[in-house]
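A.B. asks: In this note's numbering, the protein residues as written are -5 to 237.
Sharing a structure with you now.
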Ligand code: NAI
């Protein structure tokens, strides 16, 4: 049975990815910071839930590093992320705190998990697939108050390409996925503040992308059927930003 490690598995896009990979007969290790794991996964024997804080590298060394050493997943999905607001008018302290927190969770933690994943696969002479959930913001940018978020996701895309360039010959495949607005808790504030009509004004559709659709894309990439697309970004944004 194939094994996948998915961060932020308890809700939103990560929840749907977990459900989809379990359906595809993966054994899944899912992480959450504090949220309990929904019954649709916790009741399944091939699911294991781990609570950890991606903003705490020391804790990650205890909670997640041993998995890469003893129960190496064939697929790593860096899904967890945060979307913090920091207007250009806030104090320098507030600005830097927001940038640090955003980069710690969105980029530094994922980079560490990728490093553990790659080093263990090289050591064990096995291959694996990394799927990093970036954002449309990495390409299009975001509103100024979410500049740190966009920059962190741009960094994630560049990091994914570096992995793809250098580790393909070691059997490591790496993709980015760049969603536009997806109807989850993360987008809730924007939906409440701006409304669906506003958020879909540049979209080909009148509705936001559903997390299940992102999950099906992850499932396809995790199948290993398109290895020569390593380094690519898969855009899923309802036609709102075509490149
Ligand atoms: P969400 O807010 O519903 O879920 C985020 C997940 O990340 C949660 O499970 C949360 O527990 C986890 N997480 C956050 N901080 C953590 C920490 N310090 N330690 C451990 N876990 C932590 O968000 P959603 O929408 O499901 O987002 C998933 C990914 O998709 C994120 O990387 C996000 O940036 C990306 N994305 C989402 C879009 C959207 O419109 N919802 C658009 C583009 C990208």
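Ideal placement from N, C-alpha and C gives every residue a C-beta, glycine not left out.
This structure is a prediction, so every number in the text was calculated from the model and none was measured.
Could you compute how far the alpha carbon of residue 205 sits from the alpha carbon of residue 180?
C.D. replies: Here residue 205 corresponds to residue number 211 of the chain shown, with the count starting at 1. Here residue 180 corresponds to residue number 186 of the chain shown, with the count starting at 1. Whole-angstrom Cα-Cα distance: 11 Å.
A.B. asks: Checking the sheet assignment: what are the DSSP bridge partners for residue 124?
C.D. replies: Counting from one through the chain shown, the residue named residue 124 turns up at place 130. Note: residue 124 sits in a beta bridge opposite 70 and 168.
A.B. asks: What are the start and end residues of the alpha helix (DSSP H) that includes residue 157?
C.D. replies: For the purposes of this step, residue 157 is taken as the residue at position 163 of the chain shown. It spans 141 to 161 - the alpha helix (DSSP H) in which residue 157 sits, taken as one unbroken run.
A.B. asks: Quick one: give me the first and last residue of the alpha helix (DSSP H) that residue 0 is part of.
C.D. replies: On the chain shown, position 6 is the one that residue 0 refers to. Element bounds for residue 0: not the alpha helix (DSSP H) but the beta strand (DSSP E), -3 to 0.
A.B. asks: Just checking, does the region 125 to 135 make contact with the region 186 to 197 on the three C-beta pairs under 8 Å criterion?
C.D. replies: Counting Cβ pairs under 8 Å, fewer than three are found: no touch.
A.B. asks: At what residue ranges does the region -5 to 79 contain a whole run of the beta strand (DSSP E), taking only runs of 3 or more?
C.D. replies: Entirely contained in the region -5 to 79, the beta strand (DSSP E) runs reaching 3 residues are, in chain order, -3 to 0, 21 to 26, 41 to 45 and 69 to 72.
A.B. asks: Please specify which runs of the beta strand (DSSP E), each continuous and at least 3 residues long, are wholly inside the region 172 to 237, giving them in chain order.
C.D. replies: Segments of the beta strand (DSSP E) lying fully in the region 172 to 237: 227 to 230.
A.B. asks: Taking only three categories from DSSP, how would you classify residue 134?
C.D. replies: On the chain shown, residue 134 is found 140 positions in, with the first residue counted as 1. Correct three-state label for residue 134: helix.
A.B. asks: Counting pairs of beta carbons, one from the region -4 to 12 and one from the region 79 to 94, are three or more of them closer than 8 Å?
C.D. replies: In short, these stretches do not touch, since the Cβ pair count stays below three.
A.B. asks: Just to check, is the beta-carbon of residue 179 closer than 6 Å to a non-hydrogen atom of ligand 1?
C.D. replies: Counted from its first residue, the chain shown places residue 179 at position 185. Answer for residue 179: yes, Cβ within range of ligand 1.
A.B. asks: Could you tell me if the beta carbon of residue 101 falls within a distance shorter than 6 Å of some heavy atom in ligand 1?
C.D. replies: Position 107 of the chain shown, counted from the start, is the residue given in the question as residue 101. Residue 101: no, Cβ never under 6 Å from ligand 1.
A.B. asks: According to the Cβ coordinates, are residue 149 and residue 101 closer than 7 Å?
C.D. replies: Residue mapping note: residue 149 aligns to position 155 of the chain shown, counting from 1. Residue mapping note: residue 101 aligns to position 107 of the chain shown, counting from 1. Contact: yes.
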